[in-house]
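As structure tokens, the structure follows; a few thoughts come after it.
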Amino acid sequence: METAMKKYDRKIALLEEKIHSQEKKIRTLEEKRSSLGAEEEGKNSIRVHTVNKQDTNTILQKNPEQKPTNGHVAKKRIVPALDASDVVAFCAYMSTTEVSPSRHHILVFDDVKTNIGSAFNRISGMFTAPIDGAFVFTWTIFSDRHSYINSQIVVNTEAFTSMITDSDEVSDFHSSTGVIVVNLNRGDSVYIRTHPTELSHGNIYSGSIRGRPSFNGWKL
Numbered sequence: 076m077e078t079a080m081k082k083y084d085r086k087i088a089l090l091e092e093k094i095h096s097q098e099k100k101i102r103t104l105e106e107k108r109s110s111l112g113a114e115e116e117g118k119n120s121i122r123v124h125t126v127n128k129q130d131t132n133t134i135l136q137k138n139p140e141q142k143p144t145n146g147h148v149a150k151k152r153i154v155p156a157l158d159a160s161d162v163v164a165f166c167a168y169m170s171t172t173e174v175s176p177s178r179h180h181i182l183v184f185d186d187v188k189t190n191i192g193s194a195f196n197r198i199s200g201m202f203t204a205p206i207d208g209a210f211v212f213t214w215t216i217f218s219d220r221h222s223y224i225n226s227q228i229v230v231n232t233e234a235f236t237s238m239i240t241d242s243d244e245v246s247d248f249h250s251s252t253g254v255i256v257v258n259l260n261r262g263d264s265v266y267i268r269t270h271p272t273e274l275s276h277g278n279i280y281s282g283s284i285r286g287r288p289s290f291n292g293w294k295l
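Quick look at the structure:
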């Protein structure tokens, strides 16, 4: 009798080890689905049952497929819940006028209004992607009176596109806004700088009445 019990105990231990392995695989698959934002249709969900020493017959049971109703197959659309870690967005402003910025100068937007995901650094002016995905970025530059500013948005070390804000020949303030959509990998950085070769003249204006330069981004 004692030998039989030991035999059953070993079987139960093996079954418990298999269940632990299956649970680990399920968690990995769920994490991948969440990170990719994939939609699944008509999938069978797996239910893992607790092993009982009195009943070791059932280990894994799959839900049966839905049967046709009136000749049509009923399908259930599964929409994965949005993981909080997938929400990334920031909004930052330049708090003071930037006087005579030099070439190849990273612009710092130090007044951060929104920073969901904590991916934007107000000290360096850089956004670092916390996850893979497609992102939208916008930046707005105000040129002071009799000024023109050549700016670029940079992804890692490559300029994605450039923009000029020009009020050089008028005693007025001008503004320009650029928008890009870019696919980023985790760890990629995005920032705004003055053009490395084209000279800017005058100041980047920032004020509470006419407006302030801004840098914004969010994950699609």
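So for the sequence shown, this note's numbering puts the first residue at 76; every next one is plus one.
Think of the CB as a built atom: it goes at the ideal place given N, C-alpha and C, for glycine as much as any other residue.
- Secondary structure of ASP161 (DSSP, three-state): helix.
- Under DSSP, SER289 shares a beta bridge with TYR168 and THR215.
- For the pair THR171 and TYR223, the Cα-to-Cα distance works out to about 17 Å.
- The beta carbon of THR240 sits closer than 6 Å to those of ILE216, SER218, ILE224, HIS249 and SER251, all from its chain and outside the five residues before and after it, given in chain order.
- For THR252, the beta-bridge partners assigned by DSSP are THR215.
- Residues of the same chain with a CB within less than 8 Å of the CB of ILE206, apart from the 5 flanking positions on each side, are SER110, SER160, ASP161, VAL163, ARG261 and LYS294 in chain order.
- Cβ contact annotation for ARG220 (same chain, cutoff 7 Å, sequence separation greater than five): SER242, SER246, ASP247 and PHE248, in chain order.
- Around the Cβ of VAL256, a 10 Å sphere holds fewer than 16 other Cβ atoms; the residue is exposed.
- Looking at ILE228, ASN278, GLU173 and ASP186, the one whose alpha-carbon comes closest to that of CYS166 is ASP186.
- Remark: C-beta atoms of ASN278 and GLU173 approach each other more closely than 8 Å.
- By the beta-carbon neighbour count (other beta carbons within 10 angstroms, threshold 16), ARG285 is exposed.
- Each residue's CA atom was taken as its position, placing MET238 and GLU244 some 18 Å apart.
- Counting along the chain, ASP186 sits inside the beta strand (DSSP E) bounded by residues 186-191.
- According to DSSP, ASP241 shares a beta bridge with TYR223.
- Annotation for ASN190: PHE165 place their beta carbon closer than 7 Å to its own, counting only its chain and skipping 5 residues before and after.
- The beta carbon of ASN258 sits closer than 6 Å to the beta carbons of ALA209 from its chain, once the five residues preceding and following it are set aside; these are given in chain order.
- Setting aside the 5 residues that flank it on each side, SER283 has no residue in the same chain whose C-beta is closer than 8 Å to its C-beta.
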